[in-house]
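**Student:** Below are the structure tokens for one structure; questions will follow.
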Amino acid sequence: MRIVIADDEAPARKRLQKLLANSTFKDGIDIIGEAEDGVEAVDFLSKNKADVLFLDIQMPGYDGFEVLDRLHPDNRPVVVFTTAFDEYAIRAFDANAVDYLLKPIPADRLDEALTRASKLVSKREANSDQMARLLDWVDAKAIEISGEPTSSDDYLEKLSIPYRDRILIIPIENVISIEINEGITRVHILEDDPTSPRPRVRQHIVNYTLDQLGGMLDPAAFMRIHRSAIVQFGHIKELIPWFSGRYKLVLSGSHEVIASRERSKTLKERLKV
């Protein structure tokens, strides 16, 4: 398990490191990073894939709950709260923490937390593999369908987006990505910026699910690179090797999206790289 420790007290971090090194899970643990405040924790976790986060609650910058609020749901590790205060327990479990450890942390309680965390990590990995197989099947069907005689009218050429007191008509070639987060679907479009010679990326909320929009887009031009993101091939500017076999995509307007490990292989095949 790839572990990150976020705690503003250096002695507490060192004690937890020692406990982890002597735990029953010691051979399967890799401490990949530490953070001494909430801001550092968010920054590190946005750039690194962790399986388990040992998270203090009272920290400068962002507290533990604010750290979780600022993490993308797909990037959120299994969370074990570590704190000297017991009053946050209910809120911690509302935040889907797998355990709540009071300092000083007893070795047996740490083992219990690691057991719970390990089971959840394994379950997440199994679900991810299952989702990858499903998306592979969807891609295969899309390619199969796209190989049949089809009218270009079958796919969207423009996207209608309600905006304030009007409806925007967006050419489909301006759509760089479609992403869903916490049930809200956002379309990212490239548009001219009157204050700059460079175009900008703007996002709009739409009343479609990702599946609905995916079915209306030309599979030769768009691909689902994650269970929560679709990108347009023509707007991919860079592929950057990321963590755990994934790739970070830099799109037009410097917008960034991370492809899942399972979809990265298919993406490279589609791009012939």
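My numbering puts the sequence shown at residues 28 to 300.
Beta carbons: idealized from backbone N, C-alpha and C, even for Gly.
Computed from a predicted model, the values in this text were never measured in an experiment.
1. Where does the unbroken alpha helix (DSSP H) through K295 begin, and where does it stop?
2. Would you give the residue range spanned by the alpha helix (DSSP H) that K41 belongs to?
3. Tell me the start and end of each unbroken alpha helix (DSSP H) in the segment 68-133 that is at least 4 residues and wholly inside, in chain order.
4. Name the DSSP bridge partner or partners of G60?
5. For H262, name the three-state secondary structure that DSSP assigns.
6. Put F52 into one of helix, strand or coil per three-state DSSP.
7. Answer with buried or exposed for I32, where buried requires no fewer than 16 other C-beta atoms within 10 angstroms of its C-beta.
8. Whole angstroms is fine: what's the gap from V300's alpha carbon to D83's?
9. Give me the Cα-Cα distance between A122 and I30, rounded to the nearest whole angstrom.
10. Assuming L217 contacts G280 under a Cβ cut-off of 8 Å, what Cβ separation, rounded to an integer in Å, is found between them?
11. Could you pull the start and end residues of the alpha helix (DSSP H) that L244 belongs to?
12. Does the separation of the CB atoms of G55 and F71 fall below 9 Å?
13. Hey, out of A48, L43, H99, whose CA is closest to F108's CA?
14. Taking C-alpha atoms, which residue in D192, R118, S149, Y274 lies nearest to F92?
15. Given this structure, state the Cα-to-Cα distance separating I211 from V233, to the nearest angstrom.
16. Would E63 and D35 qualify as a contact pair, given that the criterion is a beta-carbon distance under 9 Å?
17. Flag this pair as touching only if the segment 283-300 and the segment 263-275 have three or more C-beta atom pairs under 8 Å; answer yes or no.
18. What span of residues does the beta strand (DSSP E) with S271 cover, start to end?
19. What is the C-beta distance between A111 and L129, in whole angstroms, given that I count them as a contact (C-beta under 8 Å)?
20. Look at the alpha carbon of A286 and the alpha carbon of K41, and state the distance between them as a whole number of angstroms.
21. On the three-pair Cβ rule with 8 Å, is the segment 218-227 touching the segment 240-249?
22. Do S50 and L147 have their C-beta atoms within less than 9 Å of each other?
23. How far does the beta strand (DSSP E) with I203 in it extend, from its first residue to its last?
**Tutor:** Quick look at the numbers:
1. Within the sequence shown, residue 295 is the residue found at index 268, counting from 1. Here the alpha helix (DSSP H) through K295 covers 288-298.
2. For the purposes of this step, residue 41 is taken as the residue at position 14 of the sequence shown. Here the alpha helix (DSSP H) through K41 covers 37-48.
3. 91-96, 116-121
4. Start at 1 with the first residue of the sequence shown, and residue 60 comes out as number 33. In the DSSP output, where bridge partners are listed per residue, G60 has V31.
5. For this step, residue 262 is matched to residue 235 along the sequence shown. Here H262 sits in helix by DSSP.
6. As a working mapping, residue 52 is identified with position 25 in the sequence shown. F52: coil per DSSP, three-state reduction.
7. Position 5 of the sequence shown, counted from the start, is the residue given in the question as residue 32. Flag for I32 reads buried.
8. What you label residue 300 is simply residue 273 of the sequence shown in a count that begins at 1. What you label residue 83 is simply residue 56 of the sequence shown in a count that begins at 1. Going by the C-alpha atoms only, they are around 42 Å apart.
9. Within the sequence shown, the letter at position 95 stands for residue 122. Within the sequence shown, the letter at position 3 stands for residue 30. Roughly 19 Å between the two C-alpha positions.
10. Translated into the one-based positions of the sequence shown, residue 217 becomes position 190. Translated into the one-based positions of the sequence shown, residue 280 becomes position 253. L217 to G280, Cβ: 5 Å. Contact.
11. For the purposes of this step, residue 244 is identified with residue 217 of the sequence shown, where counting begins at 1. It is not in any alpha helix (DSSP H) - L244 carries neither H nor E in the DSSP assignment.
12. Start at 1 with the first residue of the sequence shown, and residue 55 comes out as number 28. Start at 1 with the first residue of the sequence shown, and residue 71 comes out as number 44. Not in contact: G55 and F71 (Cβ atoms no closer than 9 Å).
13. The residue given as residue 108 occupies position 81 in the sequence shown. Looking at the Cα atoms, L43 is the closest of the given residues.
14. For this step, residue 92 is matched to residue 65 along the sequence shown. Selected option, being the one with the closest Cα: R118.
15. As a position in the sequence shown, residue 211 is number 184, starting the count at 1. As a position in the sequence shown, residue 233 is number 206, starting the count at 1. Computed Cα separation, rounded: 8 Å.
16. What you label residue 63 is simply residue 36 of the sequence shown in a count that begins at 1. What you label residue 35 is simply residue 8 of the sequence shown in a count that begins at 1. Closer than 9 Å, so yes.
17. yes
18. Looking up residue 271 in the sequence shown gives position 244. That residue, S271, is in no beta strand (DSSP E); it is neither H nor E in DSSP.
19. Your numbering for residue 111 matches position 84 in the sequence shown. Your numbering for residue 129 matches position 102 in the sequence shown. Right, the Cβ-Cβ distance comes to about 7 Å (below 8 Å), so this counts as a contact.
20. Within the sequence shown, numbered from 1, the residue matching residue 286 stands at position 259. Within the sequence shown, numbered from 1, the residue matching residue 41 stands at position 14. Roughly 34 Å between the two C-alpha positions.
21. no
22. On the sequence shown, position 23 is the one that residue 50 refers to. On the sequence shown, position 120 is the one that residue 147 refers to. No, the Cβ-Cβ distance between S50 and L147 is not below 9 Å.
23. As a position in the sequence shown, residue 203 is number 176, starting the count at 1. Run containing I203: 202-208, per the beta strand (DSSP E) assignment.
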